[in-house]
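Novice: Sequential numbering from 8 applies to the sequence shown in my numbering.
Submitted below is the structure of interest, expressed as structure tokens.
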Amino acid sequence: EMAESLLPFDFDTFWASGQRLWAVAADCRTGRALFYEKHALGPDFFTAVRASASMPLLGSMVKVGRDVCLDGGVANCIPIPADLPFPAGKTVLVLTRQQGFRKPPQSRPVQRLYHRRYGAYPALLAACLAQPEVYNAQMERIDRLEAEGRVFVIRPSTPVTVGRTERDKAKLRALYDQGRAEAEACLPALGAYLGLYPRRAAGAAPQKGPPLTRQAFFVFSPRPFWGGRFFVRTRARRFPAVFPAPRPVPL
């Protein structure tokens with residue numbers, strides 16, 4: 008209903024675009040990540056998107072072809088270039104937690120729920136139980152890559168207090184506005200990282216000329232209230248001063 012009537016999705020433009028888009032889900036049989044590309048999968052790509060957003064315990068397993076899947080974060084919380092089955096250019100990570108955030112150990116009740124729900128899938132169960140340790144180790148790698156200038160990270164400047172299942176419209180809108188403002192503040196540095204325009208001295212007039220293009224690879228980790236993971240490989244162009252104002256979204 009959302010894509011068809013409440014906020015119509017432009018399917019024609021989506022399929023006609025040459026940009027490559029992947030959704031990642033966790034294989035329930037092996038506990039490993041599966042990457043689905045929109046053109047390779049065709050109409051079933053939206054089933055893969057649904058699988059990528061099916062959170063453990065809260066969501067159901069989703070069949071994508073012959074695969075049985077759950078949220079891709081179970082298998083790979085925040086993929087970096089070395090984790091991907093295809094080459095990536097410059098990498099932009101869009102995270103939902105502030106710098107320095109680390110996950111606490113799982114509680115015993117949560118572990119028991121995992122055992123009860125996924126005991127018939129030992130590889131998936133092991134991946135679920137290992138999530139905090141895997142996430143924290145990956146964040147250490149991301150911090151090192153960011154310090155070395157090998158990835159560009161967009162993340163909240165303050166702790167996010169909105170949970171995954173939050174339904175309060177005011178809180179969701181405030182979080183959206185915060186993310187938009189912080190992304191806009193990153194645009195000059197992001198453009199320089201991607202090579203869309205050269206760095207210039209303070210007060211210097213911007214250079215004119217045709218837009219530059221560079222290969223870029225964006226990784227979107229899940230929002231606190233949604234579990235999907237997507238990867239976009241695109242020809243990025245010069246960024247405008249700010250993003251266009253979004254259309255109102257019914258909440």
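Heads up, the beta-carbon is just placed ideally off N, CA and C, and yes, glycines get one too.
Where do the ends of the alpha helix (DSSP H) carrying residue 27 lie?
Specialist: Careful: residue 27 lies outside any alpha helix (DSSP H), inside the beta strand (DSSP E) at 27-34.
Novice: From which residue to which residue does the alpha helix (DSSP H) around residue 181 run?
Specialist: Residues 176-201.
Novice: Taking the straight line between their C-alpha atoms, what separation do you get for residue 101 and residue 127?
Specialist: C-alpha separation (whole angstroms): 34 Å.
Novice: In angstroms, rounded to a whole number, what distance separates the CA positions of residue 221 and residue 155?
Specialist: Because the pLDDT at residue 221 is just 43, under 50, the model does not fix this residue reliably, and the value given afterwards should be weighed accordingly. The alpha-carbon atoms of residue 221 and residue 155 are separated by roughly 20 Å.
Novice: Find out if the Cβ-Cβ distance for the pair residue 42, residue 111 is shorter than 9 Å.
Specialist: Contact: no.
Novice: May I ask which residues mark the beginning and end of the beta strand (DSSP E) holding residue 100?
Specialist: Residues 97-101.
Novice: In chain order, what residues of the same chain lie with their CB nearer than 8 Å to the CB of residue 84, ignoring the 5 residues before and after it?
Specialist: Only 138, 141, 142, 145, 228 meet the Cβ criterion.
Novice: Could you tell me which residues DSSP pairs with residue 76 in its beta bridges?
Specialist: 34, 69.
Novice: For my contact list, residue 82 and residue 59 are in at a C-beta cut-off of 8 Å; report their separation, rounded to the angstrom.
Specialist: At roughly 11 Å, the Cβ-Cβ gap does not stay under 8 Å, so residue 82 and residue 59 are not in contact.
Novice: Report buried or exposed for residue 162, applying the criterion of at least 16 other Cβ atoms within 10 angstroms of its Cβ.
Specialist: Burial call: buried.
Novice: Any idea what DSSP makes of residue 60, helix, strand or coil?
Specialist: It is coil, neither helix nor strand.
Novice: Between the alpha carbons of residue 147 and residue 105, how many angstroms are there, rounded?
Specialist: Each residue's alpha carbon lies about 13 Å from the other.
Novice: Where do the ends of the alpha helix (DSSP H) carrying residue 141 lie?
Specialist: Its alpha helix (DSSP H) spans residues 138-154.
Novice: Which of the three DSSP states, helix, strand or coil, is assigned to residue 131?
Specialist: Note: residue 131 maps to helix in three-state DSSP.
Novice: Mapping the DSSP letters down to three states, classify residue 14 as helix, strand or coil.
Specialist: Three-state DSSP puts residue 14 in coil, outside helix and strand.
Novice: Based on the DSSP secondary-structure assignment, which residues constitute the bridge partners of residue 169?
Specialist: Its beta-bridge partners do not exist; DSSP assigns none.
Novice: Does DSSP classify residue 93 as helix, strand or coil?
Specialist: Note: residue 93 maps to coil in three-state DSSP.
Novice: Quick check on this structure: which residue in 48, 199, 107, 62 has the alpha carbon closest to the alpha carbon of residue 22?
Specialist: Cα-wise, what sits closest to residue 22 is 48.
Novice: Under a Cβ-count criterion, where at least 16 other Cβ atoms within 10 Å of its own Cβ denotes burial, should residue 17 be classed as buried or exposed?
Specialist: Counting Cβ neighbours within 10 Å, residue 17 comes out exposed, since fewer than 16 surround it.
Novice: Is residue 45 buried or exposed, if buried means 16 or more other CB atoms sit within 10 Å of its CB?
Specialist: Answer is buried; the Cβ neighbour count reaches 16.
Novice: Grab the span of the beta strand (DSSP E) containing residue 82 for me, first residue to last.
Specialist: Element bounds for residue 82: n/a, residue is neither H nor E.
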